[in-house]
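Down below is the structure, laid out as structure tokens.
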Amino acid sequence: DVAGEDDYRLETSGQGCGYFGIGMNLDISGSDTRYLFGDGQGMGGVGGVGVCADYEGDDKYTAEPFEEVAHRGDYHSENKINVNAAQGAGMGRRGDGSDGHSWAGGLGVLIDIKGKDHYYSGNWTLGCGYWFGTGLVYEGEGDDLYESVYFTQASGAHYCIGAIVDEGGNDTHKLWETAGAGIAFGWDYTVALLLDKGGNDHYEAKIISLGCAQIRSDAFLIDIGGDDYYQLQAGQQGFGAATYREDYDNPNKLSPYNAYAKSFGLLLDIGGTDTYMDWDREKDKTSANVICGNNRTWFMPSKDDEHYGANNFGVGIDVEDGTVPEGELFR
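Residue 206 in the UniProt record's numbering sits at position 206 of the sequence shown; the count goes up by one each step and never skips.
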């Protein structure tokens, strides 16, 4: 589609969706609206490539979050929120708990170059991988709003990759409802990357988010430039954390490889005056985090924790200046 303010609507499998093939939804200009229940807006299923690309305009992407509408409930959110598999998602078929036939996920990509864009969804979205799949989001300039729930915003589970690269703007990355497993989160040999460059950005979640690695994953939340705000529920894993498991030190006979692999969680902020806040769920109030802060370095687990080590490291680094050369590779 070359021009105009367009409205794309369907239930499933479209707006850039591929299974054993390639599906592309390409739009050049105009402030466009996309809506679906799931499986699209850049979704690569088994053997597939799905691309949703938009060059310019203030665009709105919606993957219906509520189970009462689309009936795709996810147990991670008490079946209130849908499994969307959308907005840059690579989704495989896991069969070890059913018929034994597992198929690797494909490549799902969402690209938006210009405009103030709004992304709204439930679970398994926004640069998300599942079961050997790869999900990517590339966002160019503009003040963008990302709103989603669980396993989302540079996230994934089971041998996969999930990534978001945002080149600029005052962006908001917000998780709502169960609000976790996102904003750079990896579960079970996942690589997750959220790179946001420039602008005063806002990051908000409740649990296991903000550069959090679990079960031998690598999770990287990197923000370059701007006065940024980070918020997480008090006492929860995040802010550059790697969750310890007993089988890292004492091999489990069912998964001995966990003792020999590595995990790394990172929150790196370069530049600006940054704020790190704890949210008290019972009182619905926020207060400054006592460990994380502007121009500080911290470890989770800390170096004096009995579980520090075991090839499992969580690190937070907030510095005035510095460079990440690899971050320029996306330009």
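C-beta: ideal position from N, C-alpha, C; glycine also.
Counting C-beta pairs with one atom in each stretch, the region 69-83 and the region 43-57 have fewer than three that are closer than 8 Å, which means they do not touch. Taken through DSSP and simplified to helix, strand or coil, Glu-328 comes out as helix. Nearest neighbour of Tyr-19 by Cα position, chosen from Ala-104, Leu-36, Gly-95 and Lys-116, turns out to be Ala-104. Cβ-Cβ distances below 8 Å link Ser-77 to Gly-122, Asn-123, Val-149, Tyr-150, Glu-177 and Thr-178 in the same chain, with the five nearest sequence neighbours on each side left out; the list follows chain order. For Glu-139, the secondary structure class from DSSP, reduced to helix, strand or coil, is strand.
Ala-104: not part of any alpha helix (DSSP H); DSSP gives it neither H nor E. Judged by beta-carbon spacing, Gly-199 lies within the 9 Å limit of Gly-169, meaning their Cβ atoms are closer than that value. Counting the other Cβ atoms within 10 Å of the Cβ of Arg-34 gives 16 or more, which makes it buried. A straight-line Cα-Cα distance of about 21 Å links Arg-281 and Phe-185. Shown here for Arg-296: same chain residues with a beta carbon closer than 6 Å to its own, the five before and five after excluded, namely Asp-318 in chain order. Around the Cβ of Tyr-61, a 10 Å sphere holds 16 or more other Cβ atoms; the residue is buried.
Counting along the chain, Glu-177 sits inside the beta strand (DSSP E) bounded by residues 172-182. A distance below 9 Å separates the beta carbons of Asp-166 and Leu-195. When secondary structure is reduced to three states using DSSP, Tyr-203 falls in the strand class. Residues His-101 and Ser-102 of the same chain have their beta carbon placed closer than 7 Å to that of Gly-95, with the five preceding and five following residues left out of the count.
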